[in-house]
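Q: Here this note's numbering is used: the first residue of the sequence shown is -19, the next is one more, and so on.
Heads up, the beta-carbon is just placed ideally off N, CA and C, and yes, glycines get one too.
I have a structure here, written as structure tokens, and I will follow up with some questions on it.
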Amino acid sequence: MSAGWETLFTATGIADSAVAALVGDAIEVTAGPITDLFTSPTTGVAQDNISRVSATVNDRAFQFSARVQAPLRSMFDAGVLLVETGDSNWGKLCLEQTPAGQASAVSVVNRGVSDDANGWLLDSPDAWMRISREGDVF
């Protein structure tokens, strides 16, 4: 990745307690405390106070892969790849700490409300993740 990553990616929603920086060949985002992107399916209450490093992709066919690493210090801490197609339409692939304190792969799809699916447990707090698009399908 070149030092000009700022021309491809834009840091948005970065709170005073969050940091986005180029570290070697990686973009590192350190989130502030108690942040989340989730809409409760039982109450409909939405929380969207995450920090993002984002890029607008106009191609109707693409793949984006990244190695996601996160320190996972507390329950539900996560490193995420996110795709947004509207205010309440998005999906995220998460490297997340389970209530049992283990790293896990989790996916969340939001179409007005969030629906999460717990995946497999991981041996370490890092994973390669990929978002793919073909036409209108992610």
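Could you give the first and the last residue of the continuous beta strand (DSSP E) run that contains I7?
A: Taking the sequence shown and counting its residues from 1, one reaches residue 7 at position 27. I7 -> beta strand (DSSP E) spans A6 to T10.
Q: Less than 8 Å separating the beta-carbons of S45 and V9?
A: On the sequence shown, residue 45 is found 65 positions in, with the first residue counted as 1. On the sequence shown, residue 9 is found 29 positions in, with the first residue counted as 1. Going by C-beta atoms, S45 is not nearer than 8 Å to V9.
Q: Measuring straight from C-alpha to C-alpha, what distance separates R91 and E64?
A: Position 111 of the sequence shown, counted from the start, is the residue given in the question as residue 91. Position 84 of the sequence shown, counted from the start, is the residue given in the question as residue 64. Straight-line Cα distance between these residues: approximately 11 Å.
Q: For my contact list, R110 and F42 are in at a C-beta cut-off of 8 Å; report their separation, rounded to the angstrom.
A: Here residue 110 refers to the residue found at position 130 when the sequence shown is read from its first residue. Here residue 42 refers to the residue found at position 62 when the sequence shown is read from its first residue. With a Cβ gap of about 10 Å, R110 and F42 do not count as contacting.
Q: Can you pull the DSSP bridge partners for L2?
A: Start at 1 with the first residue of the sequence shown, and residue 2 comes out as number 22. DSSP output for L2 lists I7 as bridge partner(s).
Q: Would you tell me roughly how many angstroms separate the C-alpha atoms of S84 and S34, rounded to the nearest one?
A: For the purposes of this step, residue 84 is taken as the residue at position 104 of the sequence shown. For the purposes of this step, residue 34 is taken as the residue at position 54 of the sequence shown. Their backbone Cα atoms lie some 24 Å apart in a straight line.
Q: Rounded C-beta distance between V93 and G24? I'm assuming under 8 Å.
A: Here residue 93 refers to the residue found at position 113 of the sequence shown. Here residue 24 refers to the residue found at position 44 of the sequence shown. Yes, they are in contact, since the Cβ atoms of V93 and G24 sit about 6 Å apart, within 8 Å.
Q: Would DSSP call L52 helix, strand or coil?
A: Position 72 of the sequence shown holds residue 52. In the structure shown, L52 sits in coil (DSSP, three-state: anything other than H, G, I, E or B).
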